[in-house]
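Heads up, the sequence shown is in our numbering, so the first residue is 12 and it goes up one at a time. Positions of the beta carbon are idealized from the N, C-alpha and C atoms, including for glycine. Keep in mind that this is a model prediction, so the values were computed, not measured. These notes concern the structure reproduced below.
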Amino acid sequence: MMAELASDFEKRFPGVPVIHGVMRRPADRFSVTALLGASGCGKTTILRCLAGLERPERGWIRFGEEVWFDAERRVHLPPQRRGIG
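Written as structure tokens, this is what we have:
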């Protein structure tokens with residue numbers, strides 16, 4: 012059975028536009044997903060948020076039934092417990 016990596020989060024930096032990380036992607040332990048975009052558009056920031064290295068200002072990130080991040084509920088699963096990389 013395939014799980015789903017899903018997110019709807021927002022990351023802000025002073026003086027730059029907001030980065031929205033909205034996705035729904037089927038995923039399992041063998042999945043590979045590519046992020047494409049122009050230089051400076053936020054690809055690395057999105058990956059850092061998914062990995063738990065950055066904390067978004069609002070929103071949520073989950074993998075299957077496991078909540079990795081939820082700003083409203085103050086949930087932040089540490090990077091070493093996310094099993095990605």
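Residues near residue i by beta carbon distance below 6 Å, same chain, minus five either side
{"i": "Asp-34", "result": "Inspection of the sequence shows that residue 34 is occupied by Met rather than by Asp. Same-chain partners within the cutoff: Ser-18."}
{"i": "Met-13", "result": "Pro-37 and Asp-39"}
Identified DSSP bridge partners for residue i
{"i": "Asp-19", "result": "Val-33 and Trp-71"}
{"i": "Val-86", "result": "Asp-81"}
{"i": "Ala-14", "result": "Ala-38"}
{"i": "Val-27", "result": "Phe-24"}
Residue nearest to residue i in terms of C-alpha spacing, selected from the options
{"i": "Phe-41", "options": "Glu-15, Trp-79 and Phe-20", "result": "Glu-15"}
{"i": "Val-29", "options": "Met-13, Ile-57 and Thr-44", "result": "Ile-57"}
{"i": "Gly-75", "options": "Lys-22, Gly-94 and Arg-85", "result": "Gly-94"}
Beta-carbon proximity of residue i to residue j, cut-off 7 Å
{"i": "Pro-90", "j": "Leu-64", "result": "yes"}
{"i": "Ala-82", "j": "Arg-92", "result": "no"}
{"i": "Pro-67", "j": "Phe-24", "result": "no"}
Cβ-based neighbour list, residue i, same chain, cut-off 7 Å, excluding 5 preceding and 5 following
{"i": "Arg-73", "result": "Ala-17 and Trp-79"}
{"i": "Val-86", "result": "Val-78 and Phe-80"}
Contacting residues, own chain, Cβ-Cβ under 8 Å from residue i (five flanking each side not counted)
{"i": "Leu-47", "result": "Lys-54"}
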